[in-house]
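For reference, the structure discussed in these notes is given below.
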Amino acid sequence: MTKKVRAAFEMQPVTVLLDDVLQTRPLDAAAKVSTKYKTVEASVREVGIIEPLVVHPQKGGKYLLLDGHVRLQVLRDLGRTEVLCLVSTDDEAYTYNHKVNRLAPIQANRMIMKTLDAGVGVERLARALNLNVTTIRQNKNLLKDVCPEAIEILKDKQVHQAALRALRKVKAARQIEMAELMVSSGTYTKAYAEALVMMTSPDQVVEQEPGKKEGASRPEDFARMENEIKSLEKDFAVLDESYGRNVVDLTLARGYLKKLLDNGKVVRFLAQRHPEILAEFQRIVEAVSLEG
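The sequence shown maps to residues 1 to 292 in the numbering used here.
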């Protein structure tokens, strides 16, 4: 007999007074000056809450906050009195913190382009994302002259924007090779991308437009790039040697912590009595995630 799947949320969201929302952990002063906080504040100020808070009902008409601490604080700082919430049927907060997909630069670029194509002005988008107009305009050209195959390889990687721009300096076949080397080494920095460009054969380098020719590379530039490559090769060799053993250790540790954090009572106890320990447990599990 097929087991019935229990819904994780009530079907209809509810509007809750901010005074009735109970935080499971305090938001420290440093968080309020962080880039994340400022970005959320700009978005809420410009377009309102996009992602509802997640709460679990408590006695006396109160709601325990499971996800959305920054959004809640932003709303309070902006003088709002109520917020739309999803009502969870369970009181564990681990899932919302762990099952997060961080936007990669290429994914963010596609979202920005779709938003602009939909008719949203550059100025309004910049305000909503807490970015300046110049950054938005530069982002529009981020993938210009980068071949589709290289974009596909790097689409979900945290590639530095300067590394993506470095790809334009070489032809499509070399762009694909560079993208594959970045993935295999797990290195997506500007320095590594520029080192790969420096090591590219002349016939694979894109000719500079008149008036845009870069200055000739100096011997010290080659030496710096060579040292960068050697350092990366050493790091890669060490990681490769210990990878198998570490995977086993990390899997065991992660499995134990995951069981703890899947227990709603444990999470609630830690959130109320030891929020700093809960945060560290969540950070450890996220840091050693082997799912992708």
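Virtual Cβ for every residue (Gly too), placed ideally from N, Cα, C.
Contacting residues, own chain, Cβ-Cβ under 6 Å from residue i (five flanking each side not counted)
i, result
"E194", "A166"
"I229", "A195"
"K234", "none"
"E10", "V87"
Same chain, Cβ closer than 8 Å to residue i, neighbours up to 5 away in sequence not counted
i, result
"A150", "L167, A172, Q175, I176, M178 and A179"
"Y37", "A31, V70, Q73 and V74"
"A128", "A42, S43, E46 and V47"
"G215", "Confidence at G215 is low in this model, with a pLDDT of 49, below 50, so the placement of that residue should be treated as unreliable; the coordinate-derived value is given next. There are no such residues."
"A279", "R25"
Cβ-Cβ separation, residue j to residue i (assumed contact under 8 Å), whole Å
i, j, result
"L164", "V146", "6 Å"
"Y192", "Q158", "Not quite, the Cβ-Cβ distance comes to about 13 Å (not below 8 Å), so this is no contact."
"K169", "V133", "Going by Cβ atoms, the distance from K169 to V133 rounds to 26 Å, so no, they are not a contact pair."
"A8", "D90", "7 Å"
"S88", "V55", "7 Å"
"N139", "I112", "5 Å"
"L294", "V266", "Only positions 1 to 292 of the chain appear in this structure, which leaves residue 294 out of reach."
"P57", "C85", "Contact doesn't hold; Cβ gap of about 10 Å is too wide."
"L22", "R76", "So it is not a contact: roughly 13 Å between Cβ atoms."
"Q107", "K155", "6 Å"
"P105", "Q161", "6 Å"
Start and end residues, beta strand (DSSP E) containing residue i
i, result
"L167", "Unbroken run through L167 is the alpha helix (DSSP H), Q161 to L167; no beta strand (DSSP E)."
"T39", "Here T39 belongs to no beta strand (DSSP E); instead the alpha helix (DSSP H) covers T35 to V47."
"P13", "Run containing P13: none; DSSP gives neither H nor E here."
"Y82", "This sequence places Glu at residue 82; Tyr is not what is there. Its beta strand (DSSP E) spans residues E82 to V87."
Residue span of the alpha helix (DSSP H) that contains residue i, given as start and end
i, result
"V133", "V133 to K140"
"D77", "H69 to D77"
"P57", "Element bounds for P57: not the alpha helix (DSSP H) but the beta strand (DSSP E), L53 to P57."
"V122", "V122 to L129"
"Q107", "P105 to D117"
"A150", "P148 to L154"
Cβ shell of residue i (< 7 Å), same chain only, five flanking positions each side left out
i, result
"V205", "K169 and V170"
"Q232", "Before going further, note that residue 232 is Leu rather than Gln in the sequence given. Contacts found: S185, T187 and Y192."
Residue-level contact to chain C via CB, residue i, 8 Å cutoff
i, result
"K36", "The question asks about chain C, but that chain is absent: this structure has only one protein chain."
Sequence ranges, alpha helix (DSSP H) only - wholly within the region 177-204, length at least 4: 190-198
Unbroken stretches of the alpha helix (DSSP H), 4 residues or longer, contained in the region 251-291: 264-273 and 275-287
Sufficient close CB pairs (3 or more, under 8 Å) joining the region 63-71 to the region 21-31: yes
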